[in-house]
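**Q** If you count the sequence shown from 1, position 776 lands on 777 in my numbering, and the numbers rise without skipping. Just so you know, even glycine gets a beta-carbon here, dropped at the ideal spot from N, CA and C.
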Amino acid sequence: MFSLIQKKAHYLALFCLTVFFVTGFVSPLLVQYKEDNWQKELSQKTGIIKDGIKQKFDDVSSAVLDVKNHLLKTNPKYFSKENKTKLFDLLMEKPFSSCEIFILDSSFNLYAWNSHSLQADTSIFSLKPYGETFLSGSDLKISLIYMDSLITDNSIFYFQIIKPVEKKYRFNNEFYEPLSITEYLSIKYNTSFRLLLGNANKIIDGRYDSAEIRNNKNKIIGSVEFQKPLKDAAINTFLDDLQSMKYLMGILAFLFFILKTNQFNFFSGKKTAGFLLLILNLSILRIILFVTEIPGSFLPEAFTDSSYFSSGLAYGIVSSPFEFFLTALFVLIICISFLRNILELKNEDLKTKNIILKTFAVLLSAGLFLVLLRGLGAAVKSVIFDSSIFYFKFPELLPKLPIAFMHFNLLMLGICSVTVSVAFILLIIKTLGNRHNSNNFYFGGIFIILQILGFIYDLSQKEPQGTPALRILYISVAFIISLLIYKGKLQILGRYLAISFFASFITVTLLMFYNYRLEVDSLRTVAFELMRPDENWFEFLLDQTADESVGLIENETIPASQNYSSLAFICWSNSPLEREGVNSSLQIFDDKWNLLGEFNSDFNIKQELFDEIIKNHSGQEFVSVKLSEKQQVLSILKEVRDKAGKVFYLTVSALIDNSKFIIEKSGKFYTGKLTGILSPVDIEKLKLIELEKGRIIKINGDFTPDENLIEKFRNAGFSKFNEAWYNFSYGDDEYNFFIVKTDPSKEKLLCVGQTKKDISFGLFNFFKVFIVHTVYIICAGIFLFLVLAARNFNFKVTYNLKLLSAFLLISIIPLLVMAFYFRAISEDNNRETIIYKLEKHAARINEYLEKYYNIYPKNDIYSEAADDIGVNYSLFANNILEYSTQRNFYNTGIISANIHPAAYSKLFHLGFFKILNDENLENYKYQAFYYKTEIGGEEKVIEVNTAFNSVSLPMSGSDADVFLFGTYSLAVLIIIIVSTFLAKQISQPIFKLTNATKAVAGGDLNFNLENKYKGEIGELIDGFNKMVKGLKKNQTELAEVERELAWKEMARQVAHEIKNPLTPMKLLMQQLVITYKDKSPKFDEIFEKVTSTTIRQIDTLKNIASEFSNFAQMPKLKLEKLDIVNSINSTVNLFADEKAKITFSTDLKTAYTESDSDQLNRSIINLIRNSIQAEATKIELKLETENDFYILRISDNGKGIDPVNAEKIFLPNFTTKTEGMGLGLSLVKRFIEMTGGKIYLDRSNSEGTMFLIKFAIRKDE
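(1) Residues in its own chain within less than 8 angstroms of S629 by CB, not counting five upstream and five downstream?
(2) Throw me the rounded Cβ distance for the S625 and V653 pair, which I believe falls under 8 angstroms.
(3) Ends of the alpha helix (DSSP H) at W538?
(4) According to DSSP, simplified to helix, strand and coil, what is E1248?
(5) List the DSSP bridge partners of P1.
(6) Measure the beta-carbon distance from F570 to F600 and round it to whole angstroms, keeping in mind my assumption that it falls under 8 angstroms.
(7) Which residue's Cα is closest to the Cα of Y147: N173, A64 and G446?
(8) If you follow the alpha helix (DSSP H) that D67 is part of, which residue opens it and which one closes it?
(9) Flag this pair as yes or no: are the beta carbons of F1232 and L1123 separated by less than 9 angstroms?
(10) Where do the ends of the alpha helix (DSSP H) carrying V423 lie?
(11) For N1198, which option in A1177, L358 and Y79 has the closest C-alpha, if you only look at C-alpha atoms?
(12) Got a sec, what are the start and stop residues for the beta strand (DSSP E) M513 sits in?
(13) Grab me the residues of A367's own chain with a C-beta within less than 7 angstroms of its C-beta, minus the 5 sequence neighbours each way, in chain order.
(14) Less than 9 angstroms between the C-beta atoms of K699 and D734, yes or no?
(15) At what residues does the alpha helix (DSSP H) containing Q755 begin and finish?
(16) Can you list, in chain order, the residues of its chain whose CB lies under 8 angstroms from that of L333, leaving out five sequence neighbours each side?
(17) Can you tell me the Cβ-Cβ gap for T305 and G317, rounded? I've got them flagged as a contact below 8 angstroms.
(18) From the DSSP output, in three-state form, read off T1253 for me.
(19) Helix, strand or coil: which one does DSSP assign to I589?
(20) Can you name the start and end residues of the alpha helix (DSSP H) that K1278 belongs to?
(21) In the DSSP output, which residue or residues are listed as bridge partners for E1185?
(22) I need the straight-line Cα distance from Y1298 to C17, nearest angstrom please.
(23) In the DSSP assignment, find the beta strand (DSSP E) that holds D960 and state where it starts and stops.
(24) Which word fits K431, buried or exposed, when buried means at least 16 other C-beta atoms lie within 10 angstroms of its C-beta?
(25) Using C-beta distances below 7 angstroms, list every residue in its chain close to K247, excluding the 5 sequence neighbours before and after it, in chain order.
(26) Please list, in chain order, all residues of the same chain as F1211 whose beta carbon is under 7 angstroms from its beta carbon, the five residues on each side excluded.
(27) Who are L1242's beta bridge partners in DSSP?
(28) For G598, write down the residues that DSSP places opposite it in a beta bridge.
(29) Any idea if L689 is buried or exposed, counting beta-carbon neighbours within 10 angstroms, 16 or more meaning buried?
(30) According to the neighbour-count rule (16 or more other Cβ atoms, all chains shown, within 10 Å of its Cβ), is R696 buried or exposed?
(31) Which partner residues does R195 have in the DSSP bridge list?
(32) Grab the span of the beta strand (DSSP E) containing R642 for me, first residue to last.
(33) State buried or exposed for S124, treating a residue as buried only when at least 16 other CB atoms are found within 10 Å of its CB.
(34) For K382, which residues of its own chain have a beta-carbon under 6 angstroms away from its beta-carbon, when the five flanking residues on both sides are left out?
(35) Report yes or no: is there a C-beta of chain B within less than 9 angstroms of the C-beta of N605?
(36) Would you mind giving the Cβ-Cβ distance between D149 and P77, rounded to the nearest angstrom? I have them listed as a contact below 8 angstroms.
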């Protein structure tokens, strides 16, 4: 597919350029067409919006009606009193749990329900028709409601099914669960929407339109008003789309062009020019993508929101997480290419006799290496300080999408740094390298020099990045990885894993380091935030809240049935007071100053205080009422009219408490979270102390300094700005404090500090990021493996892998079981603690109420019990709330005034007297303890919960998670390391023996295994070495015996064959002599006969000589079609355990020739073995094509061949060794030449030797 695209790239580039220019030409015409047909398009767009609104409300209505159908199909037995518990259970299961259901009996008394956030409104049963859906907007939510009746066993029941669609309030914290159908529509259609109930007045404006909402009976129950799409906005959006398409075509044209010209290979750059061209192409592409904002403009906000990360580097080229990703990706490609170039460099390529030039090159490489380390630290620091993301604030294991994306960017950044660092170290080693560079002192010297240069470099910096320990670790590990790569101990996958995991380790460590720096620096900001609140600040918040509340009421027509406490809460929940977490109160009065409703945030205003505020108003905007020496109430009063002209009075009050810090908040579900730089620190764990002349006047937190420590605070080394930092140990903890003189004349000090996190938190923070990185590394590793597999990379399940898997399985599974068991025990202990403490509170409340119930009025005794005991509680009579210290939340409708359905079912139908129930408000989860009792002869239920009562636990769930995840992750890491080491120790000798056996089977009887083992393994290796020596000796002796026997047999046969022609020749010669002496007339005839017979016999002797000569030649070759690449690979693998680094490289996937497989393997083994015996530490085999031949170059860095012997090495019986017969290279040459090839010595000197072998290319290839 890729090759096809490359072939057609010029056509694709031309097409993209055509579209690019055509788009530019036709854009004005398209815009004009759009303007001319805007009304038609506007009609289509509004139609689409209306259809979308209808579909959304139809979906909600279908969900309600589906629940109704299921309810009507419910077994009638469930509605009997005996099975009422089953009815409650059923209502809290799917599909009923998707809606809030209330079932009432024939007297309209609540019978069963599943909601704890809403309560049934029985009044609407007489106002609304049955069997129809309708919209209701009372209290805090707008809901779609269905009402009907059902008859079971002669009993009639009424039910309401409620599906909220819009919340009118909002919490400024992580517990708020958004619900807004208008916001959903606004995001989808990019315009504003407003939900109107019934026949509410619509805006009479041509810029607005509306869609009717119809119920299941096709009756209008409301409408959604929306602003029509604007012509200018639509045209601008259209132009932006055209421009984006134009840019996209230009980018694609550029990509296709450089693809066609072979200038854009991510992993090429084998030569300097190619590498520089790669950098140029990627730089141009990156600039184009940055300027055109493609593809960032098409991506979700989670990837492009600059608040998550933005840096001003290079004119903002990393101004968002996605821009960071693109930049890091392009740099990573360049880094990988640079490393490949360095790996392909040979020592001789860098050879120079100029000491100055060599020294300069080494120092430059070392300097760039150290700059890289500093650059990595600066980049990670930017990720922490230039981001709104706080990576370690919350103990959550699974990161959200923006955080996970930034983790990936950080990992890429670390891999870039480590990759180039390794490349520079390899460059230094190769620049200084020679044939003796296997000496450990040589590598040790380079390592020490790098460490010294790193130390000097840090000293030269005003603010070194990271710590000295990190610098030493970085240099050490990068050097070890470089050395392993240089010695050939790490192949592609090994290099990737080593670089990636080390990059992850170093980036996560730097991330934690700079996050700690940010937390410490934020103490200073917290101090100034605490100094900020004064009366003017409170007045500003009150004024803003009052104005916003007035605006909200003025835009509404307040119905007579309005719950004014809900309205007060809606005003407060969207106010600056809520966002700043100020203890405040908001009240709504009628035109006669009668209180209609209110909401208080941890601050209750009593009636007499109201009276005083109103009394002191007298036209003033702000009224201040002093409660005590350190407390006062600041209030603002506003008159407001709703749309109908109805008059209301609004009071907004704030409690100014000089005995507490402004950030001392309850931390509950309704509390707003602080903004700004307070976010990186855990506010609840801050240690806040305010001193005046050595006396504590304010304190927050669980830390109380003694007099000695207070004196040290006072005498801390203050700067000219009256600021000081003080770090100390106190008890078992270490603390960081920022101290500032708020009023030097009164010796007032503000001290803000935090405890240094213990090791379990450190491990948790480290591993929660490291494991995310590990997932990324494994996924990329699998991809790399598949790529290698596609290139005929053979993967085998080795003995080492089997052992490692078994060790990990046996070790980690019990560890995980222990972790889950410990977590379960911790949860059980926490639950028991909660039950014990809440039950104790409930029992004390019960005891108090029983004691004084008949003595004082109910409401008085209820509130007195809460004040005297100091416990927040609620009291239910049957299922209805009778009293609550937090009545505030029940009155507003945040919490239903009905008892929780699960608790009611267990207490009143299953016979329980006390239970602990898990509940939630929005996304805030808490536990509520219900205590059923009798007070004054009446059945009551006392409810005490953890939402409004603090319960200290031996170890919270998050603390347990931190401890378990941190310590057990470390244990798993140690197990993996130890298991890997043990598996290798056990399998390595087996692996060596396997390779040795293959080598011996391949004919290499010079193989000798180094024995470093003891016990049975050592004896096995000794036995193997003895066996090989015995085989070699036996082979030699057997060859000599066979040779001797063969020659004896041959001599006998040759002697016999020679005698056969010699005998008749002798007789004929004797006859010829006699005939000659007798002067026989037949002499000529006999002479002719004798000569012809002698010639024939001589020919016979000649044939015997030829047969004898053939006997002395090599055995007949078994020629076959042979893949040289495969043969060389299998042969090189036999030397995997040799100390020498043996590598084979080729661009050929296959190389077929006519040869003998066994003879070829023996020939290559012979050449490699000769290099090893020549003390070579690096042997390279490279295969390429040249004309009609494959050229195999075998080079080493051994001691070379003596020039005197260079011309004799291929002669038979020539050898420089003490053993052997000198037939090795002679036989290799004879074999190569017999297959149509050639072998010759290309070069040999003190720096190494190179042999060249030519193989004839098979003709059919």
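**A** With the given structure in hand:
(1) none
(2) Contact doesn't hold; Cβ gap of about 13 angstroms is too wide.
(3) E536 to E555
(4) coil
(5) Past the edges of the chain, shown from 2 to 1262, lies residue 1, and the structure says nothing about it.
(6) 4 angstroms
(7) A64
(8) W39 to L73
(9) no
(10) L402 to L433
(11) A1177
(12) No beta strand (DSSP E) contains M513, which is instead part of the alpha helix (DSSP H) from I493 to M532.
(13) I429, L451 and L454
(14) no
(15) Element bounds for Q755: not the alpha helix (DSSP H) but the beta strand (DSSP E), K749 to T756.
(16) M413, I416, C417 and T420
(17) Actually they do not touch by this definition, with Cβ atoms about 13 angstroms apart.
(18) Reading off the sequence shown, one finds Leu at residue 1253, where the question assumed Thr. DSSP places L1253 in strand when its eight states are reduced to three.
(19) strand
(20) Any property of residue 1278 remains undetermined from this structure, which presents the chain solely from 2 to 1262.
(21) I1192
(22) This structure cannot speak to residue 1298, because the chain is shown only from 2 to 1262.
(23) It is not in any beta strand (DSSP E) - D960 instead sits in the alpha helix (DSSP H) that spans G958 to A1002.
(24) buried
(25) F21, T24 and G25
(26) L1226, S1227 and K1230
(27) F1252
(28) I589
(29) buried
(30) exposed
(31) E226
(32) Q632 to R642
(33) exposed
(34) Y515
(35) No chain B appears in the structure shown, which is made up of a single protein chain.
(36) Not a contact, Cβ separation roughly 16 angstroms.
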